[in-house]
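Numbering (this note's numbering), first residue to last: 1369 to 1915.
Glycine included, C-beta positions come from ideal geometry on N, C-alpha and C.
Quantities reported herein were computed from a predicted structural model and do not represent experimental measurements.
Spelled out as structure tokens, the structure:
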């Protein structure tokens, strides 16, 4: 840059009263002199490039997610009179490369192409090594922007899901339908293979079924064979069902201690996955194994096969191989409330254990035309006087009367469930396990009345209900806790957590319990009478079996 003159400035000052048109026509040297006299180290020919820098600085400052307070330091604003240097220093603070300086006498606006760059003055070209070095940083910044956009889309999806559920609760299905379309469009901007994108996709599908095609909701439950197959894959993919089986087996094994004839009543046989481990444990019992009777309840086979008997034969073969006396009885029933005590053929000399793995919540639906299914089943269970009732249920509250509350709770619960599944390594099983969970979501969101069977309730509510029904809690011992903790070592994922809760055990993902196991015994008569008086139960029918 040439020397800055100051003599010309007086000329500009003397002509300050002239028209604006005459000031525009002043020579560049006069303008340069005026700028220099005012203390700005910049030529008029460079103002265009300074303006470009200022525009870029404005864009960077607007889009910067960080705090701008650090720009107030003296080091940055040391000499604002040197406009070009000042703007470049600000851009540097944001880790952005300044625009490449071009001489004022070069203008490529007409599209001219430089065929021989070597012929240009050396100072025309800037070493591009700094640009190449900045490429990884630029890619990182782009990735950060994409991630931020996806996170923003995820937050918007959650907001729209809750708003749509609120519209459904109000009965405004037109608005809910338009929100479904908005969410489906927004879903294309997020990763639907994991995280909130996957969960939102399942909940959008469930809402869409409820709004647009409620007549197809029942078909989403699938056939008996499909449900059993998906149950098996869910068992293999993650530790939840294994935790349920191991914990219940340990409690049953301890309850059978000292008894020579034992009878397990399983409310959901499901391939008999739970019982090989118990049979082997009984075979190793000091003093010899007891005679084991197993009654397995399950749905009738649609193809006419006696699938329950086939499972019983496989278990009998295993029991024979380890010298455990074994007898099996299958009870086919579409609903648990259809089972009657006489079907179980319980012998008074037997030590009885009732095993319910995620089944009691299906009895919580209300029907004004008959007695409450849960009260009816708990009543005949109590009359069997079992040594233990092993109960495992989802640690969730999906039985709230208001749809919005139920929906919000389900969204939070299944988000944690899918997060925990992502950490498991069983890829083929995991994909089918997700379908198993998706069907639960569909039932919670789509169905009402008798069709809604996934009525999960938390442990505290089960405590109250079972105590009112004449049961007292049975503390799950330290062996059950150790077994559950050892089970988690089979899964490489960190984040699963077993916790003890007032004698019960929960398995969850980080700080969120997702499944709870508890043990129960029948209260003695004085104890039951005291408990019923404490909770205010009135026996209106004067029937000791009526709750």
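- Environment of residue 1578 [buried if 16+ CB atoms lie within 10 Å]: buried
### Task
Measuring alpha carbon to alpha carbon, tell me which of 1890, 1527, 1521 and 1544 ends up nearest residue 1749.
1890
_Which listed residue (1699, 1555, 1877 and 1719) has its alpha carbon closest to that of residue 1636_ = Checking every option, the nearest Cα to that of residue 1636 belongs to 1699.
task: Would you be able to state if there are at least three C-beta pairs under 8 Å between the region 1738-1745 and the region 1773-1786?
output: no
Problem set entry | Rounded separation between residue 1837 and residue 1826 - CA only | 17 Å
Q. If you check the beta carbons only, do residue 1800 and residue 1598 fall under 7 Å apart?
A. Contact flag set, yes.
Closest by C-alpha distance to residue 1770, when choosing among 1525, 1523, 1538 and 1524: 1538
As an exercise, report each continuous beta strand (DSSP E) stretch of at least 3 residues that is fully enclosed by the region 1764-1832, in chain order.
none
Practice prompt. State the Cα-Cα distance for the pair residue 1719 and residue 1628, rounded to the nearest angstrom.
Written response: 8 Å
For residue 1611 and residue 1855, believed in contact at Cβ under 8 Å, the rounded distance: 6 Å
(request) Can you say whether residue 1625 is buried or exposed, counting buried as having 16 or more other CB atoms within 10 angstroms of its CB? (result) exposed
Item to check | Where residue 1631 sits in the DSSP three-state scheme | outcome: strand
Note to self: As a quick exercise: from 1656, 1680 and 1875, pick the residue whose alpha carbon is nearest that of residue 1639.
What the structure shows: 1680
- Length at least 3, wholly inside the region 1664-1741: the beta strand (DSSP E) runs in chain order: 1694-1700 and 1719-1725
Please state if the CB of residue 1687 and the CB of residue 1623 are separated by a distance shorter than 7 Å.
-> no
inquiry  = Below 8 Å on the Cβ atoms is my contact criterion, and I expect residue 1878 with residue 1863 to pass it. Report the Cβ-Cβ distance as a whole number of Å.
reply    = 5 Å
- Query: In whole angstroms, what is the alpha-carbon distance linking residue 1725 and residue 1543?
  - Reply: The straight-line gap from Cα to Cα measures roughly 39 Å.
Going by other Cβ atoms of all chains shown within 10 Å of its Cβ, with 16 needed for buried, is residue 1496 buried or exposed? Any answer about residue 1496 is weak, because its pLDDT of 45 lies below 50 and its placement is not dependable; what the coordinates show is given next. Exposed: under 16 other Cβ atoms inside 10 Å.
Just to confirm my understanding: we take residue 1730, look at its own chain, exclude 5 residues before and 5 after, and list those with CB closer than 6 Å. What are they? 1821
**Message:** So, with DSSP's three-state summary, where would you put residue 1581?
**Reply:** coil
Can you give the beta carbon distance from residue 1745 to residue 1575, rounded, assuming they're within the 8 Å contact cut?
No, residue 1745 and residue 1575 are not in contact; Cβ-Cβ is about 32 Å, not under 8 Å.
Checklist entry - Which ranges would you report for the alpha helix (DSSP H) in the region 1601-1628 if only whole runs of at least 4 residues count? => result 1608-1623
(request) Please name the residue in 1567, 1619, 1570 and 1604 whose C-alpha comes closest to that of residue 1846. (result) 1619
Determine the direct distance from the alpha carbon of residue 1883 to that of residue 1520, and round the result to whole angstroms. Cα-Cα distance, rounded: 31 Å.
- [ ] Look up residue 1852 in the DSSP assignment and say whether it is helix, strand or coil.
- [x] It is helical.
Review point. Taking the alpha-carbon positions, what's the residue 1803 to residue 1631 distance?
Key: 34 Å
>> I need the DSSP call for residue 1890, collapsed to helix, strand or coil.
In response: In this structure, residue 1890 counts as strand in the three-state DSSP scheme.
Which same chain residues, not among the five before or five after residue 1711, have their C-beta less than 7 Å away from its C-beta? 1699
- [ ] Quickly, what does DSSP pair residue 1756 with across the bridge? List them, please.
- [x] 1721
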